[in-house]
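According to our numbering, the sequence shown holds residues 709 to 1143 in order.
The next block holds one structure in the form of structure tokens; read it before the comments.
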Amino acid sequence: MPNLCIARVPNQPEQARKTLADWLQYLERLHPAEIKLGLDRVGAVADRMKLDFSGHTVITIAGTNGKGSTAAFLEKLLASSGKAVGVYRSPHLLHYNERITVRGQPVNDTLLCQAFAAIEAKREEIPLTYFEFGTLAALQIFAEAGLDCLILEVGLGGRLDAVNILDADIALITNIALDHIEWLGDNREAIGLEKAGIMRAGKPVLFGDTDMPDSVRQHAEKLGALLYCSGSAFQDSLTDNQWHWQGFDAKGRKHVLDMNISGDSLLQSFYGNAALALQAFVLLEEEFEPLQLEEALRNTRIPGRFQLIPRTYTLVLDVAHNPHAAQKLLANIRHSFAGKKLHVLLAMLQGKDHQEFVKILAPQVQQWFLAGLENSRGTATKILYNALQNSGQKRIAVYDTVPEAFQAAEASLDAEDVLLVTGSFYTVAGVLEQI
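Structure representation (structure tokens):
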């Protein structure tokens, strides 16, 4: 793995950072590299902060795709049983506060600023990345919030991710696909082993896909973790909008849930992640009613995950940004909008498999609106344009920014058309800011 050096910026006077925006600008300047994997530095600062979660249930979620929706489903399920839940997720769409929720609500600026100040006072000579600061801020806030459960979404990989300084009482791995290969490895076995690093001996680990790399199974066996795999330990299926799930609790008792999910775009699109969250829930909770579970799942909302917004046409927002997610996105589009004309607004970050991403979606797309991202890591539109031409696409319009592309797309759509906005969190955020 790359060994990036992080330069330390001298501590500024406390009064120089009065607002959340001030703090975030400061954190962005603390290091020249966005990522430096490893637990030593963040763990040392956590020790100085004397963070203690011995009375909490810690749930850690890793995986290539679907971490956010799995966390959202599980949060609602646990809350339905009266549990006070804190969730740490990344990245955010519009506001940094989205990353840390307590009892279902994003934390306010004041709490975040206080947490950042507490970390700054303790870290002294230890450099921290932007993500590590955020992770410690979430833990500081959770420690003082009187919570029962913490749901921690891994930022990158698992083994060396900052959230892994806490021992998970239950670990969830959604799936394994190729992404972030420069950090995690260029094959599913290597990536799986990195994500398997969130497992703990004698504790449950749930795998949410039927295609599990051998490295994940072997690591669970070597460690003595209790492995629950989709397709065997728990199962689900969808037939004509009727979703069936079955799994077993910690005492071996079978539980079944049958739901009609017609009209629920989130459940229709991510029922596999709901199945994973349900299995985690029944391992954690002993008493519940099927109606309680059904209501919790139906009440789950998460922006940017096959999010449908009615306008004069149909707007679909999805943060898919790798080929594995594109395959799922294409299946959802075909299921929900068969026979309709699909237009795509696309902008992506560098380091992604642009060619394969557009190749997967291309057969379904009538018109492309390419945009640049107002971000130093945005992919040049020329690269996306070439990828589309290589996939045989002809109807391609190019714009400097997402808002410009969105304005042009809206002006060209008919009532029966569908506009899909995808490629990154930044792409979806750029449109959400306009509506």
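Beta carbons are placed, not taken as given, at the ideal position from N, Cα and C, and that holds for glycine.
All of these numbers come straight from a predicted model, not from anything done at the bench.
**Study point:** Runs of alpha helix (DSSP H) lying entirely within the region 857 to 923, each at least 4 residues, in chain order
**Key:** 889 to 892, 896 to 903
Exercise for review: Could you tell me which of ARG1019, LEU1023, PRO998, PHE978 sits nearest to ILE1010, measuring between CA atoms?
Suggested key: PHE978
Practice item. Report the three-state DSSP secondary structure of MET757 (helix, strand or coil). Key: helix
Practice item. In the DSSP assignment, find the alpha helix (DSSP H) that holds THR778 and state where it starts and stops. Key: 775 to 788
Exercise for review: Please go through the region 964 to 1050 and give each complete beta strand (DSSP E) segment of 3 or more residues, from N-terminal end onward.
Suggested key: 1015 to 1018, 1022 to 1025
Review point. Taking DSSP as the reference, what is the three-state secondary structure of LYS930?
Key: helix
**Study point:** Beta-carbon proximity of ASN1094 to ASP1061, cut-off 8 Å
**Key:** no
Review point. TYR1021: which of ASP1125, ASN1040, LEU785 sits nearest, CA to CA?
Key: ASP1125
Review point. Taking ASP1108 as the reference, which of LYS1102, GLU1118, ASN1098, GLY1086 has the closest Cα?
Key: GLY1086
Point to revise | Among ILE906, SER945, GLU1003, ALA826, the one whose alpha carbon lies nearest that of GLN935 | key: In the sequence as presented, Gln is not what sits at residue 935; that position holds Leu. The shortest C-alpha separation from LEU935 is found at ILE906.
Review point. How many whole angstroms separate the CB atoms of LEU1053 and VAL1129, which I take to be in contact at a CB cut-off of 8 Å?
Key: 5 Å
**Study point:** PRO1071 in three-state terms, based on DSSP
**Key:** helix
Check your understanding: Which first and last residues belong to the alpha helix (DSSP H) in which SER1120 is found?
Key -> 1110 to 1120
Practice item. Report yes or no: do three or more beta-carbon pairs, one from the region 891 to 906 and one from the region 919 to 926, lie closer than 8 Å? Key: yes
Point to revise | Cα-Cα separation, LEU738 to LEU836 | key: 7 Å
Review point. For ALA933 versus ALA909, is the C-beta spacing smaller than 8 Å?
Key: yes
Review point. Along the chain, where does the beta strand (DSSP E) that runs through ASP944 open and close?
Key: 943 to 947
Check your understanding: Do ALA983 and SER938 come within 8 Å of each other at the CB atom, strictly closer than that value?
Key -> yes
Review point. For GLN1097, does the three-state DSSP call read helix, strand or coil?
Key: helix
Practice item. Have a look at GLY842 and GLY751 and give me their C-alpha separation to the nearest angstrom. Key: 13 Å
Check your understanding: Skipping 5 residues on each side, what residues in its chain have a beta carbon closer than 8 Å to that of LEU802?
Key -> ALA1137, LEU1140, GLU1141
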